[in-house]
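For the sequence shown, this note's numbering gives the first residue as 29, with consecutive numbering after it.
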Amino acid sequence: MIGLRFRSLNSSQISGASCFLHRLRNRPLAAPSATCSPPPSAAVFSCARPLSSQSPRGLLTASALSNPNRADHYRHRGMSVAAAASGAEVTVGALPAWTWQQTMLRIKDPKKSLPFYQDVLGMTLVDKYDFPQFSFSLYFLQSLPQGQDYTLEPGSDEAHKYLWSIPGVALELTHNWGTEDKEGAVYHPGNADKDGFGHLAFACEDVYKCCDELEAAGVEFKKKPDEGRMKGLAFVYDPDGYWMEIIGRAASPDAPKYAFAQTMLRVKDPKKSIEFYTGTLGMTVVRESHFSDFSLFFLATLPLGTVVPDPTGEEAREWVRNELYPKCVPILELTHNHGTESDPEFVYFSGNEDPRKGFGHIGFLVDDVYEECAKLEANGVSFQKKPDEGGMKGLAFAKDPDGYW
């Protein structure tokens, strides 16, 4: 599911959703409604009107934030922008209509997950929402550049305003109260047969040194850097068993030790998925990598006019490592296992189906959810929830080609 939302939302409008498109500029969030949780496999889109106080619980992602300072975030970090070579009229440095704002995972116990992401992977808790009437909480974390002190109190109005005008992409951790008391695993981390969600990735300057430190800290490994066919990268488990890939990046005095770098989803047909994410959601393909039985496509939200190397060329890999990861600009990695596109019966699980719930959604911000949803509908995009349906008004759930939220 793709979530649509107005940019700059307020606290009561947040809930837990998937790929959510919202762009409420400086508008408060409405309290979620327990009776209106979005069904699995839809995309959420929210709009720039104030949301009703009956917001559904499953709808907390972000879509497109309308904060003019977000483009400056990229320029200030040295992103190279230039006029489009095609001669098309663009506002150089402006953001596309849709901007990627979050990836959501469900967690069993925040007392274990938050220390892992904050203390081990160096993320900053930038905001949180508690909904005691519905027994769940949301935690938003971000990788911040070295020297950038975050002084806002998570849960405050100021933190809410920051969250919905955020530069970069946040990791949203959703905790349904009581899961911490259950025995054994509560959520499905992905990577079983036909699971769509694969992993998150964090980029560091020295993979081997960082993995030694992670091992010394008691972190469990799926794969160490010199194991398997692919050398120089590793996979570790978070407290819920989600895979975290540890990858390399260029040295930079401004980069955090670990930068949130990737969200990986498997796709059935890359032609359909890439058209959706680039043509509809305004992302840019920054790199492609093709192997005998699978291909990888790397996409990012970039300011209009950003100069990008040929994604199929040798320079693309280094450009991502040197320009994007050190500046905390993450990648949406789409993995295509060859042949799935030819099987009419093949479907990936989205992460929102029992008993495979774990990954929830990715979220995008937009300036006007109603306007963007009208465009989607005109282009034949299927909706799980339109902006004025259900108890939570002004946001929507639309399905991407694989049914991800």
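The C-beta atom is built at its ideal place from N, Cα and C for all residues, glycine as well. Treat the numbers as computed from the prediction; the structure is a model and nothing was measured.
#1: Do Met-311 and Glu-200 count as a contact pair if the criterion is CB distance below 9 Å?
#2: In or out: Gly-341 buried (at least 16 other Cβ within 10 Å) or exposed?
#3: From this set, Thr-306, Leu-360, Tyr-353 and Tyr-236, which residue's C-alpha is nearest Ala-278's C-alpha?
#4: Nearest CA to the CA of Gln-161: which residue from Glu-248, Ala-220 and Trp-205?
#5: Given a cut-off of 9 Å on the beta-carbon distance, is the pair Trp-435 and Val-314 in contact?
#6: Can you check the stretch 302 to 352 for any beta strand (DSSP E) of at least 3 residues that lies completely inside it and give the ranges in chain order?
#7: Assuming the contact rule is C-beta atoms closer than 8 Å, Phe-231 and Gly-276 should be a hit. Round their C-beta distance to whole Å, please.
#8: Give me, in chain order, the residues of the same chain whose beta-carbon lies closer than 7 Å to that of Pro-383; leave out the 5 immediate sequence neighbours on both sides.
#9: On the criterion of 16 or more Cβ atoms from any shown chain inside 10 Å, does Ala-426 qualify as buried, or is it exposed?
#10: In this structure, does DSSP put Ala-402 in helix, strand or coil?
#11: Put Glu-373 into one of helix, strand or coil per three-state DSSP.
#12: Hey, how far is the Cα of Ala-198 from the Cα of Met-292?
#13: How many angstroms separate the CA atom of Ala-229 from the CA atom of Pro-337?
#14: In the structure shown, what three-state DSSP assignment does Gln-174 receive?
#15: Tell me the DSSP secondary structure of Gln-161 in three-state form.
#16: Spatial neighbours of Ser-410 within its chain, please: C-beta separation below 6 Å, excluding the five flanking residues on both sides.
#17: Determine the DSSP secondary structure at Glu-241, reduced to helix, strand or coil.
#18: Taking 8 Å as the cut-off, does the stretch 262 to 272 touch the stretch 137 to 155 (at least 3 CB pairs, one atom from each stretch)?
#19: Kindly provide the ranges of any beta strand (DSSP E) runs that are 3 or more residues long and lie completely inside the stretch 205 to 260, ordered along the chain.
#20: Classify Phe-164: buried if its beta carbon has 16 or more other beta carbons within 10 angstroms, exposed otherwise.
#21: Quick check: the stretch 313 to 327 against the stretch 356 to 365, are there 3 or more CB pairs under 8 Å?
#22: Which residue from Asp-254, Asp-223, Phe-225 and Gly-226 puts its Cα closest to that of Phe-237?
#23: Straight-line CA distance for Val-214 to Lys-385?
Well, looking at it:
#1: no
#2: exposed
#3: Tyr-353
#4: Trp-205
#5: Residue 435 falls outside the range modelled here, since the chain spans only 29 to 433, and no answer is possible.
#6: 312 to 318 and 322 to 328
#7: According to the sequence provided, residue 231 is Ala. The question's Phe does not apply to it. Ala-231 to Gly-276, Cβ: 7 Å. Contact.
#8: His-216
#9: buried
#10: helix
#11: coil
#12: 15 Å
#13: 22 Å
#14: coil
#15: coil
#16: Lys-427
#17: helix
#18: yes
#19: 225 to 232 and 249 to 251
#20: buried
#21: yes
#22: The sequence shown places Lys at residue 237, not Phe. The residue with the shortest Cα to Cα distance from Lys-237 is Asp-254.
#23: 9 Å
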